[in-house]
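To start, the structure under review is shown below, and the notes come after it.
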Amino acid sequence: MASTPVENSPFLSALHFKQQRYRIEGSPPKMSQSLDSQGWDRFKNVIRGLYMTKAHKLEGAEGVIKIMESQHGFKKTKAQYEKQLKIWGFTKYRSKRDWEIMNRKIQLRKRTGKDSDVYMNGQLMPAGKLQKKTSRQGYMTTVEQARLAF
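Note that the numbering used here has the sequence shown beginning at -10, numbered continuously upward.
Here it is in structure tokens:
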């Protein structure tokens, strides 16, 4: 069987060469250590206390990263901290949507004669601060309220 001119073209030969040269075989290389095996769980409560309760920033002279490195010898990058905080669900701030839902639930309980205590990051939120946050961030239009009801 004779080969066609297309099969003998130098372009196809080069293409075939590139496919062979850059083909990746096997699974991608794994990280040398997973995040859990690097001691994160050992310092979870300390990091929560600094970042969430005491409201330290991640970076800076009084930041969580510096404190953990100097006091505990736990040296990690900012990106590693951000990833681990996300895995643990540690967030300092709530989204507008969270405040809207919270306000809706508080209002529904208020209509039935019940008072609501809101705990944020394990701490009771003062009534004045809660009122300020829900009035600023928790406003929902009638359409949004109807959409939430369904």
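Glycine is no exception: its CB is placed at the ideal position from the N, C-alpha and C atoms.
* To do: Answer yes or no: do Lys81 and Ala44 have a C-beta to C-beta separation smaller than 9 angstroms?
  => yes
* Asked: Nearest to Lys103 by CA position, among Asn110, Ile95 and Met109, is which residue?
  -> Ile95
* To do: Flag this pair as yes or no: are the beta carbons of Gly127 and Asn92 separated by less than 9 angstroms?
  => yes
* For Met109 versus Arg83, is the C-beta spacing smaller than 9 angstroms? -> yes
* Other residues of its chain near Gln112: CB distance less than 8 angstroms, five sequence neighbours each side excluded -> Thr42
* Asked: Should Arg125 be labelled buried (16 or more other beta-carbon atoms within 10 Å of its own) or exposed?
  -> Arg125 comes out exposed.
* Assumed close pair Ile76, Met57 - CB separation to whole angstroms, cut-off 8 angstroms -> Not really, about 16 angstroms apart at Cβ, beyond 8 angstroms.
* Asked: Excluding five sequence neighbours on each side, which residues of the same chain lie with their C-beta closer than 6 angstroms to the C-beta of Glu89?
  -> These residues qualify, in order along the chain: Gly127 and Met129.
* What number of angstroms, rounded off, separates the C-alpha of Leu97 from the C-alpha of Lys65? -> In this structure, the CA atom of Leu97 is about 45 angstroms from the CA atom of Lys65.
* **C-alpha distance - Pro17 paired with Gln69, whole-angstrom precision** => Low confidence applies here, because Pro17 scores a pLDDT of 44, under 50, leaving its location unreliable; read the following figure in that light. The straight-line gap from Cα to Cα measures roughly 20 angstroms.
* Who are the Cβ neighbours of Asp106 in its own chain at under 7 angstroms, not counting the five residues just before and after it? -> Around Asp106: Leu113.
* To do: Would you identify the three-state DSSP class for Leu47, choosing helix, strand or coil?
  => coil
* Please state if the CB of Glu71 and the CB of Leu39 are separated by a distance shorter than 9 angstroms. => no
* How many angstroms separate the CA atom of Thr131 from the CA atom of Asp87? -> 17 angstroms
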